[in-house]
Amino acid sequence: MTTAEILKRVRRIEIKTKGLSNHIFAGEYHSAYKGRGMSFSEVREYTPGDDVKTIDWNVTARFSHPFVKVYEEERELTVMLLVDISNSSLFGTGQRLKREIITELCAVLSFSAATNNDKVGVIFFSDRIERFIPPKKGRSHILRIIRELITIEPASGSGTNVGIALEFLNSVLKKKTIAFLMSDFVTLPFEKPLLLASRKHDLVGIQVFDQADKILPQAGLLKVRDAESGAELWIDTDDKAVRNQYAKNFQNHSDYCRQAFAKSGASMMSVRTDQDYVKTLQAYFKGR
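Residue numbers (our numbering): 1434 to 1721.
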């Protein structure tokens, strides 16, 4: 894409996702993710009904009538987006690829965080760490994230390794963060790094998949190619046993992911490329 095309697409994504964030998710995001506690803001004169425990005795003694301390929620949080950009994310049989859904999810979550004055950072990964954008605030920073989501490409011959992304998260962010891990999770086993990361961070997995990942279309003899390994294979899709095994493999894979997240204490949701992710996010935020 040319620079003009990239900027146009960034703007289009901003308009759509910022609108969703402002009108649907910002309040629910705020409710779902509380700040670290309460911090002192100011003092004011005591009024009947105030908790006597909040009286500031030093100020009260100085002015000879009671004053109370006023606290406010310490809101600032850090949101990290762990984004799978392996070649399998460039798959989709409908109008949108997995990567496009992931880009919109990242934008919605970023604008929701920004509305609440939280920092946002990104870890792009395949079977290695491709790029790290440290957490910052501001619209220009979010637009940079969206631009990177649109243009970044994985190293040639790369696969997917969720464990590496989780280990990197633990190594670069010492304080607790809200981490959204977005992938189709076609990866090596990742229970141990997931468990370690979820102990330290508030971790949420978002499985993005296509209908064709789940159901093999009946289309005769097909030559298929693994997007990540490059391996090619002929498959007889007219064979019911082949289609059943294909569906079973996907179900086993999804069950493994759900069990791994459940055992670690982390949350997980699934988003299909041809379905509306808005309801899925809403249900998640309301359920916290």
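A virtual CB, placed ideally from N, CA and C, is assigned to each residue, including glycine.
| said: Tell me which residue opens and which closes the alpha helix (DSSP H) that S1604 is part of. | reply: Along the sequence shown, one-based indexing puts residue 1604 at 171. Its alpha helix (DSSP H) spans residues 1595-1605.
| message | Can you confirm whether the stretch 1511-1521 touches the stretch 1545-1553 when touching is taken to mean that 3 or more C-beta pairs between the two stretches lie within less than 8 Å? | response | yes
| Thinking C-beta only, is D1643 closer than 8 Å to K1531? | The residue you call residue 1531 lines up with position 98 of the sequence shown. The residue you call residue 1643 lines up with position 210 of the sequence shown. In contact: K1531 and D1643 (Cβ atoms closer than 8 Å).
| When L1614, V1657, N1455, G1525 are compared against S1634, the one with the closest alpha-carbon | The sequence position of residue 1634 within the sequence shown is 201, counting from 1. Checking the displayed sequence, the identity of residue 1634 turns out to be His instead of Ser. Among L1614, V1657, N1455, G1525, the Cα nearest to that of H1634 belongs to L1614.
| query | Excluding five sequence neighbours on each side, which residues of the same chain lie with their C-beta closer than 6 Å to the C-beta of S1700? | reply | The sequence position of residue 1700 within the sequence shown is 267, counting from 1. If we look at S1700 and ignore the five residues flanking it on each side, its Cβ neighbours are V1637.
| K1502 beta carbon less than 8 Å from that of V1476 | By 1-based counting over the sequence shown, the position of residue 1476 is 43. By 1-based counting over the sequence shown, the position of residue 1502 is 69. Yes, the Cβ-Cβ distance between V1476 and K1502 is below 8 Å.
| said: Considering only the alpha carbon of each residue, which of N1491, S1522, P1499 lies closest to D1483? | reply: The residue you call residue 1483 lines up with position 50 of the sequence shown. For the residues N1491, S1522, P1499, the minimum Cα distance to D1483 belongs to P1499.
| said: For S1631 and S1697, I'd like the C-alpha separation in whole angstroms. | reply: Against the sequence shown, residue 1631 aligns to sequence position 198. Against the sequence shown, residue 1697 aligns to sequence position 264. Their backbone Cα atoms lie some 6 Å apart in a straight line.
| Within 8 Å, strictly: CB atoms of R1561 and S1591 | Walking along the sequence shown from the start, residue 1561 turns up at place 128. Walking along the sequence shown from the start, residue 1591 turns up at place 158. Their beta carbons are under 8 Å apart, which means R1561 touches S1591 by this criterion.
| Near S1522, which residues of its chain fall below 6 Å by C-beta distance, leaving aside the five closest residues on each side in sequence? | Looking up residue 1522 in the sequence shown gives position 89. For S1522, where only same-chain residues beyond five positions count, the Cβ hits under 6 Å are K1531, R1532.
| field | Neighbour-count burial assignment, G1525, 16 or more Cβ in a 10 Å radius | value | Working through the sequence shown from its first residue, we reach residue 1525 at position 92. It counts as buried.
| field | Assigned exposure category for A1494 - 16 Cβ within 10 Å defines buried | value | Stepping through the sequence shown from its first residue, residue 1494 is reached at position 61. Classification of A1494: exposed, given that the 10 Å Cβ count is below 16.
| said: Using only CA atoms, which one of E1600, Q1640, I1648 lies nearest to L1628? | reply: Stepping through the sequence shown from its first residue, residue 1628 is reached at position 195. Per the Cα distances, E1600.
| How many Å lie between W1667 and I1535 at the Cα? | To locate residue 1667, count along the sequence shown from 1; it is residue 234. To locate residue 1535, count along the sequence shown from 1; it is residue 102. When rounded, the distance between both Cα atoms is 30 Å.
| task | Compute the Euclidean distance between the alpha carbons of A1680 and T1670, then round it to the nearest angstrom. | result | Reading the sequence shown from its first residue, position 247 is the one you call residue 1680. Reading the sequence shown from its first residue, position 237 is the one you call residue 1670. So the two alpha carbons sit approximately 12 Å from each other.
| query | Which of the three DSSP states, helix, strand or coil, is assigned to S1543? | reply | What you label residue 1543 is simply residue 110 of the sequence shown in a count that begins at 1. The answer is helix: DSSP assigns S1543 an H, G or I state.
| field | Endpoints, alpha helix (DSSP H) assigned at F1694 | value | Residue mapping note: residue 1694 aligns to position 261 of the sequence shown, counting from 1. That run of the alpha helix (DSSP H) goes 1673-1697.
| task | Output the distance between the C-alpha atoms of E1537 and V1704, rounded to the nearest integer angstrom. | result | On the sequence shown, residue 1537 is found 104 positions in, with the first residue counted as 1. On the sequence shown, residue 1704 is found 271 positions in, with the first residue counted as 1. Taking the straight line joining both Cα atoms gives about 12 Å.
| How many Å lie between K1656 and R1676 at the Cα? | Working through the sequence shown from its first residue, we reach residue 1656 at position 223. Working through the sequence shown from its first residue, we reach residue 1676 at position 243. Cα-Cα distance, rounded: 15 Å.
| query | Excluding the five sequence neighbours on either side, which residues of its own chain have a C-beta within less than 6 Å of the C-beta of A1645, listed in chain order? | reply | Taking the sequence shown and counting its residues from 1, the one referred to as residue 1645 is at position 212. If we look at A1645 and ignore the five residues flanking it on each side, its Cβ neighbours are T1526.
| message | Give me the residue from V1516, I1578, A1716 with the minimum Cα distance to A1612. | response | One-based indexing of the sequence shown puts residue 1612 at position 179. Of the listed residues, the one whose Cα sits closest to A1612 is V1516.
| message | So, with DSSP's three-state summary, where would you put K1531? | response | Translated into positions along the sequence shown, residue 1531 becomes position 98. Residue state, collapsed to three classes: helix.
| With L1576 and G1596 assumed to form a contact (beta carbons below 8 Å), what rounded beta-carbon distance in angstroms separates them? | To locate residue 1576, count along the sequence shown from 1; it is residue 143. To locate residue 1596, count along the sequence shown from 1; it is residue 163. The pair is not a contact, with the Cβ atoms about 30 Å apart (cut-off 8 Å).
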